[in-house]
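**Student:** Each residue of the sequence shown is one higher than the one before, starting from 0 at the first, in numbering that gives the first Met the number 0.
I'd like to ask you about the structure that follows.
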Amino acid sequence: MNTQFAKALFHSRGGVAAMVLRVPVGLTLAAHGAQKLFGWFGGYGLEGTGQWMASIGLEPGTLMALMAGSAEFFGGLALVLGLLTRPAALVSAFTMLVAIFTVHIGNGLFMANNGYEYALTLFAVTLALTVQGAGRFALDNLLLERFADTRARQPAVAGE
Numbered sequence: 000m001n002t003q004f005a006k007a008l009f010h011s012r013g014g015v016a017a018m019v020l021r022v023p024v025g026l027t028l029a030a031h032g033a034q035k036l037f038g039w040f041g042g043y044g045l046e047g048t049g050q051w052m053a054s055i056g057l058e059p060g061t062l063m064a065l066m067a068g069s070a071e072f073f074g075g076l077a078l079v080l081g082l083l084t085r086p087a088a089l090v091s092a093f094t095m096l097v098a099i100f101t102v103h104i105g106n107g108l109f110m111a112n113n114g115y116e117y118a119l120t121l122f123a124v125t126l127a128l129t130v131q132g133a134g135r136f137a138l139d140n141l142l143l144e145r146f147a148d149t150r151a152r153q154p155a156v157a158g159e
């Protein structure tokens with residue numbers, strides 16, 4: 000991994016505010032993913048969610064449920080930890096965008112009508128985290144330090 004890529008992936012000038020966004024949104028996403036994957040918290044599990052996704056035209060339903068549930072569950076856990084925050088947030092943002100346009104957009108804005116306001120809020124937060132990064136208190140900072148230490152111990156290579 001080159002230095003520029005590592006910095007782009009892990010470095011963040013965000014402070015504590017990024018953690019304030021990451022943790023509750025990550026927990027919320029992980030809980031929603033657990034509903035889809037495992038049937039926890041009153042969810043329908045992979046089979047039930049897959050059948051529902053197929054019924055709204057997201058085929059193959061089980062694969063779509065697996066992808067959405069995994070993005071939410073594992074992406075949410077990654078956000079809580081601040082681990083690979085930018086990729087986790089980007090995948091989560093994309094998942095929310097799909098939810099907005101496949102499930103909620105026709106119902107208007109408000110949640111009372113199954114509208115898109117909640118998915119839009121999650122989209123906005125995850126998009127902001129994609130741009131900003133994990134902030135001060137995150138495992139991404141440890142990964143960046145480790146990468147920098149490893150690079151400092153390696154002999155210079157011509158052309159880098």
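Note that the Cβ used here is the ideal one computed from N, Cα and C, for glycine as well.
1) Hey, which unbroken runs of the beta strand (DSSP E) at 3 residues or more fall wholly within the region 33-78?
2) Taking all protein chains shown into account, do 16 or more other C-beta atoms lie within 10 angstroms of the C-beta of Lys-6, making it buried, or fewer, making it exposed?
3) Along the chain, which unbroken stretches of the alpha helix (DSSP H) at least 4 residues long are found entirely within the region 80-136?
4) Quick check: the Cα distance between Val-97 and Gly-42, rounded to an integer number of angstroms?
5) Using three-state DSSP, classify Gly-13 as helix, strand or coil.
6) Where Leu-119 and Met-95 are concerned, what is the direct C-alpha to C-alpha distance, given to the nearest angstrom?
7) I'd like to check one pair, Leu-36 with Val-124: are the Cβ atoms closer than 7 Å?
**Tutor:** Reading it off the structure:
1) Counting only runs of 3 or more, we get nothing.
2) Taking the first residue of the sequence shown as 1, we reach residue 6 at position 7. Lys-6 should be labelled exposed.
3) Secondary structure within the region 80-136: the alpha helix (DSSP H) runs of 4 or more consecutive residues, fully enclosed, are 84-98, 116-131 (chain order).
4) One-based indexing of the sequence shown puts residue 97 at position 98. One-based indexing of the sequence shown puts residue 42 at position 43. One Cα belongs to Val-97, the other to Gly-42, and the distance between them is close to 19 Å.
5) As a working mapping, residue 13 is identified with position 14 in the sequence shown. In this structure, Gly-13 counts as coil in the three-state DSSP scheme.
6) Translated into the one-based positions of the sequence shown, residue 119 becomes position 120. Translated into the one-based positions of the sequence shown, residue 95 becomes position 96. Roughly 7 Å separates the two Cα atoms.
7) In the sequence shown, the residue the question calls residue 124 occupies position 125. In the sequence shown, the residue the question calls residue 36 occupies position 37. Cβ distance not < 7 Å, so Val-124 and Leu-36 don't count as in contact.
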